[in-house]
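Going by my numbering, 65 is the number at position 55 of the sequence shown; the sequence numbering is gapless. Note that the Cβ used here is the ideal one computed from N, Cα and C, for glycine as well. In this text, all values refer to a predicted model and were calculated from it rather than measured experimentally. Accompanying notes for the structure given below.
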Amino acid sequence: MKLAIDRERMGSEIEALAAFSDADAPAVTRIVFTAKDMEARAWVRTRCEEAGLEVRQDAIGNTFARWTGSDAALPVVGTGSHIDAIPNAGKYDGVVGVLGGLEAIRALRKAGFCPRHSIELLIFTSEEPTRFGIGCLGSRLLSGTLSADAARKLTDNDGVSVEDVRRKAGLTGELEQVKLPAGYYKAFVELHIEQGPILEREQVPLGVVERIAAPASLRVTVEGAGGHAGGVLMPERKDALCAAAELILALEQAAQTSGAIDTVATVGICEVFPGAVNSIPARVRISVDIRDTSLVRRDAVVRALEEACRSTSEKRQVTIHPEWLNSDAPAESGPAIVAALRQACEKHGFKFLPMTSRAYHDSLFISRIAPVAMLFIPCRHGYSHRPDEYASPDDIAWGTVVLAETLAMLAE
Ligand SMILES: [Zn+2]
Numbered sequence: 011m012k013l014a015i016d017r018e019r020m021g022s023e024i025e026a027l028a029a030f031s032d033a034d035a036p037a038v039t040r041i042v043f044t045a046k047d048m049e050a051r052a053w054v055r056t057r058c059e060e061a062g063l064e065v066r067q068d069a070i071g072n073t074f075a076r077w078t079g080s081d082a083a084l085p086v087v088g089t090g091s092h093i094d095a096i097p098n099a100g101k102y103d104g105v106v107g108v109l110g111g112l113e114a115i116r117a118l119r120k121a122g123f124c125p126r127h128s129i130e131l132l133i134f135t136s137e138e139p140t141r142f143g144i145g146c147l148g149s150r151l152l153s154g155t156l157s158a159d160a161a162r163k164l165t166d167n168d169g170v171s172v173e174d175v176r177r178k179a180g181l182t183g184e185l186e187q188v189k190l191p192a193g194y195y196k197a198f199v200e201l202h203i204e205q206g207p208i209l210e211r212e213q214v215p216l217g218v219v220e221r222i223a224a225p226a227s228l229r230v231t232v233e234g235a236g237g238h239a240g241g242v243l244m245p246e247r248k249d250a251l252c253a254a255a256e257l258i259l260a261l262e263q264a265a266q267t268s269g270a271i272d273t274v275a276t277v278g279i280c281e282v283f284p285g286a287v288n289s290i291p292a293r294v295r296i297s298v299d300i301r302d303t304s305l306v307r308r309d310a311v312v313r314a315l316e317e318a319c320r321s322t323s324e325k326r327q328v329t330i331h332p333e334w335l336n337s338d339a340p341a342e343s344g345p346a347i348v349a350a351l352r353q354a355c356e357k358h359g360f361k362f363l364p365m366t367s368r369a370y371h372d373s374l375f376i377s378r379i380a381p382v383a384m385l386f387i388p389c390r391h392g393y394s395h396r397p398d399e400y401a402s403p404d405d406i407a408w409g410t411v412v413l414a415e416t417l418a419m420l421a422e
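What follows is the structure in structure tokens.
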């Protein structure tokens, strides 16, 4: 089978999609369910129809473009990604997986391949958390990780609900129907830019993702006692910031000693009240983000933090209140898909690296209902979520050809 990837068409399609933006070029801003997002979706749907695919949308706007296999009753082989973009982002995040998936299907059709399993391109709704504060809205609903009720209650900064915006966008079905039936997918593969520096540094064109890390996030509030920075003597103090500092260091220690490089823990926000030079901190709120590819290791760090909360609270006579924001389990890639990806790389003579995805993607949620894997291509300097995000036409074409080969193997 001769797979011909049309680089010129892919390049011009990436540019065309980037033009649906609320920011000036080269920046791309495309927030879910804005006018630009709706135009971009319509444009992608038209490209899919032109390619001869059967297009349907579910109630949250996840878009499925199907190439029906010779045995239509078999589970589907899926590929795809997202086209929404955070403010001031680039052209490639998500887009490479959508347009690469489409081009892979076009190449397979042109080569005369006849799939037994249907092959389906999926464009997920709202991978980015920009508007509704939660990432991967579409794939969480598809996998049942988020209930229809919980999704309906989500609102944006203007108080507008998911329910309102999707109905205004003409999506009238019930959110309950978004969840895919058990056994819908045989496999799901997502092509994506790496969003990190490893492939470029190692000068390897492809990364086969074997596991996807996932975060647990908490907000921890420490309540101590305020007072005058001169008046209150040290033995009398209940300094909330000093207590928070102990928690932060305990968290760092727990992540450093987990025994694996994949364990990372970060406190990125520290709000101090009242926040005056001559006032003892009375209340501190910190954000905690703990990530790992192993749930067992990540849970051990969480337990160490909880233990630090207990002991620090006792020692310093402060109240410490940890609040869970989210906790998604990491995922292992499906061994059969990883094997197919490796085989496809070898067949086309491409070097590849086994990789861990340290950012999470829609594939993480699809992994709850199907075997998944991801294929990474390099992006310049590892830059992503910024206007100078860049992936070369060669790397995009190579990723696409390996994706096509892999889809063919899985759909045979
Ligand atoms: Zn992405």
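Requested in this report: Inspect the beta-carbon positions of P291 and V298 and report whether they are closer than 9 Å.
Outcome: Walking along the sequence shown from the start, residue 291 turns up at place 281. Walking along the sequence shown from the start, residue 298 turns up at place 288. No, these two residues do not count as a Cβ contact at 9 Å.
Query raised in the report: In chain order, what residues of the same chain lie with their CB nearer than 8 Å to the CB of S289, ignoring the 5 residues before and after it?
Result: Residue mapping note: residue 289 aligns to position 279 of the sequence shown, counting from 1. Correct list, in chain order: G236, G237, H238 and A239.
Requested in this report: Assign A383 to one of three DSSP states: helix, strand, or coil.
Outcome: Numbered from its first residue, the sequence shown carries residue 383 at position 373. Three-state result, A383: strand.
Query raised in the report: Just reading off the alpha helix (DSSP H) that D405 is part of, what are its end residues?
Result: Looking up residue 405 in the sequence shown gives position 395. Segment P403 to A421, the alpha helix (DSSP H) holding D405.
Query - Which residues DSSP lists as bridging P364, in chain order - result: Position 354 of the sequence shown, counted from the first residue, corresponds to residue 364. Answer by DSSP bridge pairing, in chain order: V218.
Requested in this report: Say whether the segment 407-420 touches the segment 97-110, bearing in mind that this needs 3 or more beta-carbon pairs closer than 8 Å, one atom from each stretch.
Outcome: yes
Query raised in the report: Between the segment 49-57 and the segment 79-86, do three or more beta carbon pairs fall short of 8 Å?
Result: Fewer than three pairs of CB atoms, one per stretch, sit closer than 8 Å, so the segment 49-57 makes no contact with the segment 79-86.
Report task. Classify E64 as helix, strand or coil using the three-state DSSP reduction. Result -> Along the sequence shown, one-based indexing puts residue 64 at 54. Looking at E64 - three-state DSSP - the assignment turns out to be strand.
Query raised in the report: Of the choices D398, V65, C389 and S343, whose alpha-carbon is the least far from that of F375?
Result: Walking along the sequence shown from the start, residue 375 turns up at place 365. When the alpha-carbon of F375 is set against those of D398, V65, C389 and S343, the nearest one is in S343.
Query - Closer than 5 Å: residues whose CB approaches a heavy atom of ligand 1 - result: D103 and G104
Query - Any 3 or more C-beta pairs closer than 8 Å across the segment 354-361 and the segment 244-254 - result: When C-beta atoms of the segment 354-361 are compared with those of the segment 244-254, fewer than three pairs fall below 8 Å, so the two segments do not count as touching.
Query raised in the report: Excluding five sequence neighbours on each side, which residues of the same chain lie with their C-beta closer than 8 Å to the C-beta of A401?
Result: Residue numbering aside, residue 401 sits at position 391 when the sequence shown is read from its first letter. Counting only Cβ-Cβ distances below 8 Å, and skipping sequence neighbours, we find Y102, V106, I203, I387, P388, C389 and R390.
Query raised in the report: Relative to the C-alpha of V42, which residue among D34, P340 and G71 is closest?
Result: Within the sequence shown, numbered from 1, the residue matching residue 42 stands at position 32. Nearest to V42 by alpha-carbon distance, out of D34, P340 and G71, is G71.
Query raised in the report: Going by the beta-carbon positions, is the gap between V232 and V274 smaller than 9 Å?
Result: In the sequence shown, counting from the first residue as 1, residue 232 sits at position 222. In the sequence shown, counting from the first residue as 1, residue 274 sits at position 264. No, the pair does not count as a contact, with Cβ atoms beyond the cut-off.
Requested in this report: Decide yes or no for the touch test of the segment 325-340 against the segment 181-189: beta carbon pairs closer than 8 Å, at least 3 of them.
Outcome: Contact fails: fewer than three Cβ-Cβ distances are below 8 Å.
Query raised in the report: From R40 to S321, what distance separates their C-alpha atoms?
Result: Here the question's residue 40 lines up with position 30 in the sequence shown. Here the question's residue 321 lines up with position 311 in the sequence shown. R40 and S321 have their C-alpha atoms spaced approximately 46 Å apart.
**Report entry** In DSSP terms, what F198 is bridged to
**Finding:** Here residue 198 corresponds to residue number 188 of the sequence shown, with the count starting at 1. Residue pairing by DSSP puts F198 in a beta bridge opposite G88 and V382.
Query raised in the report: In whole angstroms, what is the alpha-carbon distance linking R352 and A346?
Result: Taking the first residue of the sequence shown as position 1, residue 352 is located at position 342. Taking the first residue of the sequence shown as position 1, residue 346 is located at position 336. Linking R352 to A346 through their CA atoms gives a straight-line distance of about 10 Å.
Query raised in the report: Counting only runs that start and end within the segment 102-184, where is the beta strand (DSSP E) found for 3 or more residues in a row?
Result: 129-134
**Report entry** C280, enclosing beta strand (DSSP E) - first and last residue
**Finding:** As a working mapping, residue 280 is identified with position 270 in the sequence shown. Note, C280: beta strand (DSSP E), C280 to F283.
Query raised in the report: With a CB to CB cut of under 6 Å and the five nearest residues on each side skipped, what residues in its chain are close to G154?
Result: Position 144 of the sequence shown, counted from the start, is the residue given in the question as residue 154. Cβ within range, chain order: K189.
Query - CB of T366 within 9 Å of CB of V219, strictly - result: Indexing the sequence shown from 1 puts residue 366 at position 356. Indexing the sequence shown from 1 puts residue 219 at position 209. Their beta carbons are under 9 Å apart, which means T366 touches V219 by this criterion.
Query raised in the report: Per DSSP, what kind of secondary structure is V348 in: helix, strand or coil?
Result: The residue you call residue 348 lines up with position 338 of the sequence shown. DSSP places V348 in helix when its eight states are reduced to three.
Requested in this report: Measuring alpha carbon to alpha carbon, tell me which of N98, Y194, T303 and E173 ends up nearest P340.
Outcome: Numbered from its first residue, the sequence shown carries residue 340 at position 330. Among N98, Y194, T303 and E173, the Cα nearest to that of P340 is on T303.
Query raised in the report: Can you tell which of E130, P207 and A28 has its C-alpha closest to the C-alpha of V199?
Result: One-based indexing of the sequence shown puts residue 199 at position 189. It is E130.
**Report entry** Reduced DSSP secondary structure (H/G/I, E/B, other) of A52
**Finding:** Position 42 of the sequence shown, counted from the start, is the residue given in the question as residue 52. A52: helix per DSSP, three-state reduction.
Query - Spatial neighbours of A14 in its chain, beta-carbon cut-off 7 Å, leaving aside the 5 residues before and after - result: Working through the sequence shown from its first residue, we reach residue 14 at position 4. Hits under 7 Å: A117 and K120.
Requested in this report: Find out if the Cβ-Cβ distance for the pair G88, A349 is shorter than 9 Å.
Outcome: Your numbering for residue 88 matches position 78 in the sequence shown. Your numbering for residue 349 matches position 339 in the sequence shown. Not in contact: G88 and A349 (Cβ atoms no closer than 9 Å).
Query raised in the report: Which partner residues does I300 have in the DSSP bridge list?
Result: In the sequence shown, counting from the first residue as 1, residue 300 sits at position 290. I300 is bridged to A226 and A275.
**Report entry** Cutoff 7 Å; reference K12; Cβ partners in own chain excluding five residues on either side
**Finding:** Translated into positions along the sequence shown, residue 12 becomes position 2. Cβ neighbours of K12 beyond the five flanking positions: A121.
**Report entry** Reduced DSSP category for L335 - H, G, I as helix; E, B as strand; rest coil
**Finding:** For the purposes of this step, residue 335 is taken as the residue at position 325 of the sequence shown. DSSP places L335 in the strand class (E or B) of the three-state scheme.
Query raised in the report: Within the present structure, is the beta-carbon of L374 separated from the nearest heavy atom of ligand 2 by less than 8 Å?
Result: As for ligand 2, it is missing from this structure, which binds only ligand 1.
**Report entry** Inter-residue spacing [alpha-carbon to alpha-carbon] between K178 and A33
**Finding:** On the sequence shown, residue 178 is found 168 positions in, with the first residue counted as 1. On the sequence shown, residue 33 is found 23 positions in, with the first residue counted as 1. The alpha-carbon atoms of K178 and A33 are separated by roughly 23 Å.
Report task. From the DSSP output, in three-state form, read off K325 for me. Result -> Against the sequence shown, residue 325 aligns to sequence position 315. In the structure shown, K325 sits in a helix (DSSP, three-state: H, G or I).
Query raised in the report: Does the distance from the C-beta atom of G90 to that of V38 stay below 9 Å?
Result: In the sequence shown, residue 90 corresponds to position 80, counting from 1. In the sequence shown, residue 38 corresponds to position 28, counting from 1. Cβ distance not < 9 Å, so G90 and V38 don't count as in contact.
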